[in-house]
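Notes follow once the structure below has been shown.
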Amino acid sequence: MNVSNQHLTKKVVKERRDYNTWVANETLEDYSLRYAPKSYRKWSEFLIANTALGGISFLALEAIGASLLIGYGFLNAFWAILFAGLIIFVAGIPITYYAAKYNIDMDLLTRGAGFGYIGSTITSLVYASFTFIFFALEAAIMAQALKLYFHLPLSWGYLLCSIVIIPLTFYGVTLINKLQLWTQPIWLSLMIAPYFFAIYKEPDSIKYWMNFVGDSTINTHFNPLVFGTAATISLSLIAQLGEQVDYLRFLPDKQEKNHWKWWCALLAAGPGWIILGVAKQLGGSFLAALAISHGISIVEAKQPINMYLAGFADMFDNPSIVLTVGTLFVIISQIKINVTNAYGGSLAWSNFFSRLTHSHPGRVVWLVFNVGIALLLMELGVFETLEAVLGLYSNVSIAWIGALVADLVINKPLKLSPSYIEFKRAYLYNINPVGFGSMAIASAISILAFVGIFGAYPQAYSSFLALGIAFILSPLIAWITQGKYYIARTNPLREIISLNPPLIQCSICEESYEPADTAHCPVYDGYICSLCCTLEANCHDRCKTRVAEDSSRESKSILISFWEQKVLPKINLRLLRFCTSFAILTVIVSTILGLVFFLKITKSAIFSDRDISLLTDVFFVLYALLLVCCAIAAWWFVLSEESRQLAEEELDRQNLQLQTEVQERKRTQSALQELTHELELRVEQRTAELSETLEELKQTQTQLVQTEKMSSLGQLLAGVAHEINNPINFVHGNIGYVFDYTQDLLSLLQTYETEFPKKNIIIDELKEDIEFDFICEDLPKILKSMKLGSERIKEIVLSLRVFSRADEFHIKTADIHRGIDSTLMILKNRLKATANRPEIQVIRDYAAFPPIECYPGPLNQVFMNILSNAIDALEEDNCDRSFKQITIETKAMGEDWISIAIQDNGSGIPESIQGKIFDAFFTTKNVGEGTGLGLSISYEIVVKKHGGRLRCVSTPTDGTRFLIELPVYQCSRSVS
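In our numbering, each number is its position in the sequence shown, counted from 1, plus 35.
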């Protein structure tokens, strides 16, 4: 108890958490660990439903139907598929409703509906297993099609079918929405068409299908044992509800105006997926029977590519077309479903590892991880063991769904659990025995039944045992525990969530979130988002410590108290941890090896007794080696945990020292404040003396800022010009060739018409549809226009490069005339005529003199300032003049000086302000239209930087004339 109190009094130092680019970008992340906020749910009900239903394209449904038909006969397979579909539909209604209502994924729904924060970790693993098992199955089907069409080896096909899914799933729902929308019509038409053609051309195929008994004579009549086994396999699809939920959580809020659309989308894409799923399973069994009737072997008839090739054979007579269409259909179907499998798996792994490691590198990392596991399963041949894998898996997944449904439809109406879904770590117990306990017990019993421990009938109906036991145990455990393990502490924000409150800022990552996605953290004494709460490793759930202690104290028995107080302190903690970890790993390894041995060896007819004995010895040797590895892993885990705890204790000590230091600094700060007050009094006495100096510094600083801005602008223009230059040169240089090639092609077409004048109806209709004559006439004009446009862009780019001279802020030899011309090119748009004035004419009178030494970049800035002022003056001139013009005159002044005169014919500058135009911050423009720094900076550049002269002469009749005089050589001047 002392240790606990010490932890409660420690204060965790708050440090801002910055997420990496993937986690911060919700277009990639899709709120993988969070509630989906209203701001992100921007898609319509139809689009969400269409995307969710797009995932039903997986051909494993047909493969399952074919396997059931061949293994158990039509009668048993038919009723097993229908009965399993009915159970899945009924179970899907409450699950999808609550997920869409609270906008949460399958993991968040599970943890809040009876499993607890850590308890749902197991279901995340179950769900992740579903995604990569079916990803492997679907990619294997696609690889078989690629092998058949392209003769690509299966191993390479597996790799290709896995890698291609990653970029399609990278951007989450945003890209998957578009993919499903574009491919849906093609997929539906190719999926449905073979059935109509097969029934039309081979009407006896239905009778053959309905009388098909499979590979055993006991399947001629309905057999309860066979029916139960087949239903168990079909029920493994129940976990697909998780993938439907992953999309339905993005439905908009249900309101009065969208009430019917919301419910239609929910039912169609939620539980309604199994209606199409049942149809696809039955359709797969029909196509398998059709393929067998065409002479395909029973083994190959289970492969969807061969099923649909049999169906497409009734549509097309050409075998090449049949193979092409069949391969295209398989590729489209498998891409549509595997983006869903990969996306759902990335969400499940994100939830699983975020709670185990308290870190989240991003959903994209777990996307690649999920695809990698699926690729490994494909290389190990998962498709060959489809029935065994799904039969075993269904027991666990059905127990999970059974416990979840029981909580939603029984516990909540009976008020044995909260009426709402609480998913945030801060308010949940780590383990809730209601859901977690029900699933664990039901899974254990059903798996024992599945392997034949309890006899033939329990083995056949193991999945129904899992469903029934979990469904009964959930309300029973909830009633026994009185539902106290659902909520660890009250959420103070719950009452205002439905009132559309403002966003709340997380005190850790400092981003804003909706209240439904935040919790109050007493450790940090502020609000924290659900993701930061999930990844927090230093708080040790102190917000729930007192609640957990009170609950534990109430439920302790005398024996447990004796163990904790008398026995446990005497046992070496390190040894206890090692034994516990080793025991857990041993149970896992034993279970996996035992099930593999049972499914792969004892049930196989190809092994003799001697082979089984030999393989048993091999399994025991492998088991012993794995136990050694488990011992090493357990010891490593114990040591790493101790290291982590020592590091945390050291951090706690440093935190306490830091808090002490903070207190000391606060006292020091108080003393400094008193001293500061005294200093302020002294500073006030000196303020008057420094005011003039500060004003000068302010002016200088403003000029420097303006200069830096112009420098940055020059660099930007230079960069833009450089980046545009290469592609525009490429375009400009190739337009001529395109023009010549077009003329040659048109000449070739005209020659064809001349040499082969015979009319062709198809060609004439095509020419009329595309307006061939108009194209021949208009295409050369378009190319000429493009050439003129590219020449114009090339001139602008050249002007930008000359004007910016970003790399020429040092003394260089430069052509003054090029700098003036580039500036005029940039200002060309302002010289054009407007509604208020005619076009401004520019008259250039350049003298011939060689380049001079100067600072090209700053000098171009001078030309820009003076020419811009001249244009402004002509635009503001209200005098009725027949023309407006700017004259630029250059000439040499001996061998060492040149002059540039820039004159406009505006109304001139009044004499009262001519003496102020070069002063900083003096301007005749309104507030916000100019700073008055342009001419001041120009004066600095010409006079101080170049050692030249800048003068202004203005008369009301002749306009304004700026005269720039510059020395030809700057070598003797130092860089200013």
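The C-beta atom is built at its ideal place from N, Cα and C for all residues, glycine as well.
With a threshold of 16 other CB atoms inside 10 Å of the CB of Met1012, please say whether the residue is buried or exposed.
-> The first residue shown for the chain is 36 and the last is 1011, placing residue 1012 beyond what the model contains.
Examine the Cβ distances between the region 559-571 and the region 96-106 and report whether three or more of them are shorter than 8 Å.
No contact exists between the region 559-571 and the region 96-106.
Quick check: what's the CA-CA separation for Phe807 versus Thr789? By one-based count along the sequence shown, residue 807 stands at place 772. By one-based count along the sequence shown, residue 789 stands at place 754. The straight-line gap from Cα to Cα measures roughly 16 Å.
**Report entry** Beta-carbon spacing of Tyr520, Val469 below 8 Å
**Finding:** Walking along the sequence shown from the start, residue 520 turns up at place 485. Walking along the sequence shown from the start, residue 469 turns up at place 434. Tyr520 places its beta carbon less than 8 Å from that of Val469.
TODO: Following the continuous alpha helix (DSSP H) through Gly380, name the residue where it begins and the one where it ends.
DONE: On the sequence shown, position 345 is the one that residue 380 refers to. Its alpha helix (DSSP H) spans residues 354-392.
| request: Return the chain-ordered list of same chain residues with a C-beta closer than 6 Å to the C-beta of Leu103, the five sequence neighbours on each side being excluded. | output: Position 68 of the sequence shown, counting from 1, holds the residue named residue 103. Around Leu103: Ala112, Ala265.
Between which residues of its own chain and Glu800 is the CB-CB distance below 8 Å, once the five residues before and five after are set aside?
In the sequence shown, residue 800 corresponds to position 765, counting from 1. Correct list: empty, nothing qualifies.
_Once DSSP output is grouped into helix, strand and coil, what is the label at Leu94?_
Here residue 94 corresponds to residue number 59 of the sequence shown, with the count starting at 1. It is coil, neither helix nor strand.
inquiry  = Our contact map puts Ile504 next to Ile480 with C-beta atoms below 8 Å; I'd like the distance itself, whole angstroms only.
reply    = Numbered from 1 along the sequence shown, position 469 holds the residue referred to as residue 504. Numbered from 1 along the sequence shown, position 445 holds the residue referred to as residue 480. Confirmed, Cβ separation roughly 6 Å.
Checklist line | Residue from Glu696, Gly361, Pro885, Ile952 whose Cα sits closest to the Cα of Met928 | finding: Position 893 of the sequence shown, counted from the first residue, corresponds to residue 928. Relative to the Cα of Met928, the nearest Cα in the group Glu696, Gly361, Pro885, Ile952 belongs to Pro885.
- Task: Output the distance between the C-alpha atoms of Ser429 and Ser190, rounded to the nearest integer angstrom.
- Result: Here residue 429 refers to the residue found at position 394 of the sequence shown. Here residue 190 refers to the residue found at position 155 of the sequence shown. So the two alpha carbons sit approximately 28 Å from each other.
Out of Cys196, Ala87, Val988, which one is the CA nearest neighbour of Lys213? Taking the first residue of the sequence shown as 1, we reach residue 213 at position 178. Here the closest residue by C-alpha is Ala87.
Requested in this report: With DSSP as the reference, please indicate the residues paired to Phe170 in a beta bridge.
Outcome: Residue mapping note: residue 170 aligns to position 135 of the sequence shown, counting from 1. DSSP, once it has assigned bridges, lists no residue as partnering Phe170.
Got a sec, what are the start and stop residues for the alpha helix (DSSP H) Ser197 sits in? Your numbering for residue 197 matches position 162 in the sequence shown. Unbroken alpha helix (DSSP H) run through Ser197: 189-198.
The region 356-375 / the region 140-154 touching (three or more Cβ pairs under 8 Å): no
Item checked: Residues bridged to Ile875 (per DSSP) -> By 1-based counting over the sequence shown, the position of residue 875 is 840. Paired residue(s): Lys919.
Report task. Would you mind giving the Cβ-Cβ distance between Phe93 and Ser368, rounded to the nearest angstrom? I have them listed as a contact below 8 Å. Result -> Sequence index remark: in the sequence shown, residue 93 carries index 58 (1-based). Sequence index remark: in the sequence shown, residue 368 carries index 333 (1-based). Confirmed, about 7 Å.
Range covered by the alpha helix (DSSP H) that runs through Lys863: The residue you call residue 863 lines up with position 828 of the sequence shown. First-last of the alpha helix (DSSP H) with Lys863: 863-866.
So if DSSP puts Met928 in a beta bridge, which residue, or which two residues, is it bridged to? Within the sequence shown, residue 928 is the residue found at index 893, counting from 1. Beta-bridge pairing links Met928 to Trp932.
- Query: Given 8 Å as the limit, is there contact between the region 197-214 and the region 71-88, that is, 3 or more CB pairs closer than that?
  - Reply: yes
Practice task
Tell whether a beta-carbon distance below 8 Å holds between Val877 and Leu894.
Solution key: Counting from one through the sequence shown, the residue named residue 877 turns up at place 842. Counting from one through the sequence shown, the residue named residue 894 turns up at place 859. No.
query = Between the C-alpha atoms of Met474 and Gly407, what's the straight-line distance to the nearest angstrom?
reply = Reading the sequence shown from its first residue, position 439 is the one you call residue 474. Reading the sequence shown from its first residue, position 372 is the one you call residue 407. Between Met474 and Gly407, the C-alpha separation is close to 28 Å.
Which whole-angstrom value is the C-beta distance of Ala438 and Ser509, which I expect to be below 8 Å?
Here residue 438 refers to the residue found at position 403 when the sequence shown is read from its first residue. Here residue 509 refers to the residue found at position 474 when the sequence shown is read from its first residue. Correct: roughly 5 Å between the Cβ atoms.
(request) Name the residue from Cys574, Gly263, Lys182 whose alpha carbon lies nearest to the alpha carbon of Gly106. (result) As a first step, residue 106 is located in the sequence shown; it is residue number 71 there, counting from the start. Measuring from the Cα of Gly106, the nearest candidate turns out to be Gly263.
Quiz prompt | Coil, strand or helix - Ile539 by DSSP | solution = Looking up residue 539 in the sequence shown gives position 504. Of the three classes helix, strand and coil, the one that applies to Ile539 here is strand, per DSSP.
Where the alpha helix (DSSP H) containing Leu502 begins and where it ends: In the sequence shown, the residue the question calls residue 502 occupies position 467. That run of the alpha helix (DSSP H) goes 497-516.
Starting from Ser989, follow its DSSP beta bridges and name the residues at the other end.
-> As a working note, residue 989 is residue 954 in the sequence shown. In DSSP, Ser989 forms a bridge with Thr995.
> On the three-state DSSP scale, how would you describe Ser547?
Replying inline: In the sequence shown, residue 547 corresponds to position 512, counting from 1. Note: Ser547 maps to strand in three-state DSSP.
Worksheet item: Do you know offhand how far Val431's Cα is from Tyr230's?
Response: In the sequence shown, residue 431 corresponds to position 396, counting from 1. In the sequence shown, residue 230 corresponds to position 195, counting from 1. Spanning the alpha carbons of Val431 and Tyr230 requires a straight line of approximately 35 Å.
**Asked** Just how far apart, CA to CA, sit Leu902 and Val1003?
**Response** On the sequence shown, position 867 is the one that residue 902 refers to. On the sequence shown, position 968 is the one that residue 1003 refers to. Between Leu902 and Val1003, the C-alpha separation is close to 22 Å.
Since Asn1028 and Ala377 are thought to touch, with beta carbons under 8 Å apart, how far apart are those beta carbons, to the nearest angstrom? Coverage of the chain is limited to positions 36 through 1011, which leaves residue 1028 absent and any answer about it impossible.
Need the endpoints of the alpha helix (DSSP H) that Lys847 sits in, please. Residue 847 sits at position 812 when you count from the first residue of the sequence shown. For Lys847, no alpha helix (DSSP H) run applies; the uninterrupted beta strand (DSSP E) run containing it begins and ends at 847-849, by DSSP.
Which two residues bound the contiguous alpha helix (DSSP H) that contains Tyr562? Position 527 of the sequence shown, counting from 1, holds the residue named residue 562. Where Tyr562 is concerned, there is no enclosing alpha helix (DSSP H), although the beta strand (DSSP E) it sits in stretches over 561-564.
Taking His555 as part of the beta strand (DSSP E), name the residues at either end of that continuous run.
On the sequence shown, residue 555 is found 520 positions in, with the first residue counted as 1. Counting along the chain, the beta strand (DSSP E) containing His555 begins and ends at 553-556.
Would you say Arg577 touches the ligand ATP, meaning its beta carbon is less than 7 Å from a heavy atom?
No copy of the ligand ATP occurs in the structure displayed, which carries no ligand at all.
| task | Output the boundary residues of the alpha helix (DSSP H) element that contains Glu800. | result | As a first step, residue 800 is located in the sequence shown; it is residue number 765 there, counting from the start. Taken as a continuous stretch (DSSP letters only), the alpha helix (DSSP H) holding Glu800 covers 796-805.
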